[in-house]
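Step one of this worksheet: look at the structure below.
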Amino acid sequence: MSSVEDLLRCSLTELTERFVTQSRSVPTGLLEALEADPRQGAKALARRIRGLKGKNRAEGQRLRHLLRFESELWELGHTHIAGVDEAGRGPLAGPVVAAAAILPKGWKLEGLDDSKKIADEARRDELAEAIKRGAVAWAVGQADSEEIDRLNIRRASLLAMHRAVQGLGIQPDYVLLDAFTIPECTLPQRGIIKGDSLSLSIAAASVLAKTTRDRLMRELDVQYPGYGLAEHKGYPTAEHVQSIREKGVLPIHRRSFGPVREALGLSVPAEAAGPIQGELFTGNGQP
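Each residue of the sequence shown is one higher than the one before, starting from -15 at the first, in the numbering used here.
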C-alpha cells in the first residue's frame, strides 16, 4: 500500500477515483493529512470520504440486523435456510410468482432490501443477478390466472411458494417466509410479519420474485399489445381498468377479481362461493 506521503503527491482527481469511486481501503493518517492540507479541495475530499465511511458502517449494521433471524438459525446448526416471498397478489392479470433463495452463511449484498423499497427497476435487476450468482440455491414458482380463480389468490400464492421451495434442488433445513407458512410444506418454517423488511433471505426472494414477474409481464405485453402490461404489470391502474372495458378481457386476466368481473358483466358471487378476491390480502392495489 502506498504511504500517506506518496498518496499526497497524487492529484485530488486520482485520490477521488481511488477512495471514492473505487472505494479502496483508506490508509491510516490520510484523512487527517487531507484535513490539514491548505487546499479546499483536499478538505472537501476528506469530508466526502468520511461521509462514505459512515454510510458504509450504517449499511453494514443494517445488513447485520437483516441477518438476525438467519444468524439465530445458523447458531442452532441449520445450514441451508431458505427465504421465500411472492409478487403479484394484487394485479388483475398475470401469474402470482414466488421465489426461494438460500444464501451462504454470513453473506451480504449492499443495497439488498424488500423489493418494494427499491424503486429503480434497473437496480432491482442488478441485485437479482447478484443474488443468483451468490446464492447457494434459488428457484421461482408461479400459479397462473386460472389457478388463482380456481383456488383464490391466497391459496394460489401459497402454491407458488411451495413450488419455489420444491424447485431449489437443495432441501432447506429451515424456511423463512413473509407473514405466512405453507400448509403443504413439511419442513420447519416460520412466517415473519413484514419479513421482506426484516430478513435478508426473504428480501432476496422478494427481489427475485418481483424481477421475474416483471419480466413475464413485459413478455405478455408483447403477446397482448395495447393493454400497457409492461408499464403497470397488470395492477388495477385506471388505465388498465379502462383498457379492459374498451378492449375486452384477456385469457391472462383474473376473472375472480372485481374489475374483471364487472367488465364481463358478472355479478358479485354469494359469500358461500367465496369473497371477491382482493379482500383476501391487504394492500393489493400497489405494485
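From the three backbone atoms N, C-alpha and C, an ideal C-beta is built for every residue, glycine too.
Query, Result
"Which residues DSSP lists as bridging residue 67, in chain order", "85 and 160"
"Beta carbon of residue 97 nearer than 8 Å to that of residue 195", "no"
"Residue 218 beta carbon less than 8 Å from that of residue 75", "yes"
"Whole-Å CB distance - residue 191 paired with residue 84, under 8 Å assumed", "Actually they are not in contact, since the Cβ atoms of residue 191 and residue 84 sit about 12 Å apart, beyond 8 Å."
"Candidates 80, 170, 181 and 188: closest to residue 115 by CA position", "188"
"CA-to-CA distance, residue 20 to residue 126, given in whole angstroms", "59 Å"
"Same chain, Cβ closer than 6 Å to residue 143, five either side skipped, listed in chain order", "127"
"Buried versus exposed call for residue 167 [16 or more other C-beta atoms within 10 Å across all chains shown]", "exposed"
"Buried versus exposed, by CB contacts within 10 Å (16 or more), residue 259", "Because residue 259 carries a pLDDT of 39, less than 50, the predicted location of this residue cannot be relied on, and no value is offered for it."
"Three-state secondary structure assigned by DSSP to residue 107", "helix"
"Residue 121 versus residue 65: straight-line alpha-carbon distance, rounded", "10 Å"
"Reference residue 68, options 13, 163 and -5, closest by Cα", "163"
"8 Å contact criterion, which residue 220 and residue 243 should meet: CB distance rounded", "6 Å"
"Nearest residue (CA-CA) to residue 129, options 154, 72 and 251", "72"
"Residue burial classification, residue 140 (beta-carbon count within 10 angstroms, cutoff 16)", "buried"
"Range covered by the alpha helix (DSSP H) that runs through residue 138", "137 to 150"
"Start-to-end residues for the alpha helix (DSSP H) that takes in residue 242", "242 to 248"
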